[in-house]
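In what follows, a single structure is set out as structure tokens and then discussed.
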Amino acid sequence: MKTINGLVGADLRVCQTTEKRILFRIASHIMEVLMPDTLDWEQLLPSFKPFRYDSADGESVICSVRVVEQPFPSVVMNSAKVLDKVSDRIGHLFCLLETERYFISDVQFVENGNHYQMTSDKNFSTSTVYVDWNEAFAGAILTSFLMIAFAQSAVLHQTILIHASVVEKDGKGYAFLGKSGTGKSTHSALWLRYIEGTALLNDDNPAIRIEDGGSVYVYGTPWSGKTPCYKNRKVLIKALVRLQQAASNRFVWQDGVDALITLLPSCSSMRWNTLLYNEMCSSLEKVVDGVKIACLACLPNRDAALLCYEEIKKINEDNL
């Protein structure tokens, strides 16, 4: 525990309090959360328990998030520029704003509910979260803010959080991408049902990371949508497949620019931040070079899962 009395940006003063430091290891990166000593992090963040990390001696913290018990100054919102508004992706409504010195993430978790904010430096390496802990959704709100902070800061470390459902089989990972409602979870469930030895790794927001030597791994994370699947493990990723609903099943491999375009919509990126966006695109080029990319037009049926499985199996020398 320690006492703080710092500044967030030029005009946001954090009140003095005592706090505790909790570390999490996500995709082999260290994330630091500083929160008032009175808060029970295990109750607020149950999906983070498998990722708790006791010591980071000699290891760099890529992302530090401070949680404070005070309201966000509304005057700051009035002076910020709105960059984006998205419904039903992170809570009911997510809004990203920018001032000269920092980004503001604004979340309304339920329709007609209160708005909550997080301020972040331009690289999202340092953030401050403002949440009312009497709010019934306080834990879910904090979880969403931590996902935003991690997703953006990790980009500078060849790690990308993607919107996908991932299964693993025999130590290899297979990610299914697509718009919300496309059937990613359904397709994963079909693999689990019809392809022996398949297990779910993450059902909404896994992380892919380029490691030494260029190998690409997919990691489980504390963020798995509506499916409670929070596994702190990694597997070598062998294929990323974008799903599209169709009247029949058709599998097509993608190469070069087409493969990059296939992946880009599923990446947690901020095109307003040139540095972060360029770093993400650079990492995606390496992913395309090292991982097979495909599109699957499909029905939600057994044949679609078997077609996907067999096509990937053909192109991998070390069978699934």
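Position 300 of the sequence shown, counting from 1, maps to 329 under the working numbering, and the rest follow consecutively.
All C-beta atoms in this analysis are idealised placements derived from N, C-alpha and C, irrespective of residue type, glycine included.
As the structure is a prediction and not an experimental result, all values here were calculated from the model.
Limits of the alpha helix (DSSP H) - the one that residue i falls within
i    : result
M309 : 303-319
S173 : 167-183
R262 : Neither: R262 is in no alpha helix (DSSP H) and is coded neither H nor E.
A334 : 331-344
Beta-bridge pairing of residue i - partner residues as DSSP gives them
i    : result
Q273 : A326
V94  : V62, S156
C296 : I191
C124 : K114, D135
L206 : A193, R271
Y7   : What is shown of the chain runs 30 to 349, which leaves residue 7 out entirely.
Identity of the residue in the options nearest residue i by Cα
i    : options               : result
I322 : Y203, K208, S312      : Y203
G243 : P79, D86, K260, D318  : D318
E140 : L229, F166, M64       : F166
P75  : S57, L229, F53, H58   : F53
S214 : I55, K315, A334       : A334
L73  : I51, I341, K260       : I51
F123 : A56, H144, Y306, V105 : H144
Range of the contiguous beta strand (DSSP E) that encloses residue i
i    : result
G285 : Where G285 is concerned, there is no enclosing beta strand (DSSP E), although the alpha helix (DSSP H) it sits in stretches over 285-292.
T227 : 227-231
D83  : No beta strand (DSSP E) holds D83; DSSP gives it neither H nor E.
A218 : Here A218 belongs to no beta strand (DSSP E); instead the alpha helix (DSSP H) covers 213-223.
Contact under 8 Å by Cβ, residue i with residue j
i    : j    : result
V8   : L269 : Because the chain here runs from 30 to 349, residue 8 falls outside it and cannot be looked at.
R331 : L219 : yes
E88  : W162 : no
S194 : S217 : yes
M147 : V158 : yes
K49  : M64  : yes
L272 : C296 : no
L305 : V184 : yes
L206 : F280 : no
G120 : V136 : yes
| query | Do three or more CB pairs link the region 87-95 to the region 263-281 at distances below 8 Å? | reply | no
| query | If we count Cβ pairs, one from each stretch, closer than 8 Å, do we get three or more for the region 255-263 versus the region 280-298? | reply | Flag = no, the region 255-263 and the region 280-298 do not touch.
| said: Under 8 Å, with one C-beta from each stretch per pair, do the region 102-116 and the region 124-144 reach the 3-pair mark? | reply: By the Cβ test, the region 102-116 is in contact with the region 124-144, since at least three Cβ pairs between them sit closer than 8 Å.
| field | the region 182-202 in contact with the region 228-242 per 3-pair CB rule at 8 Å | value | yes
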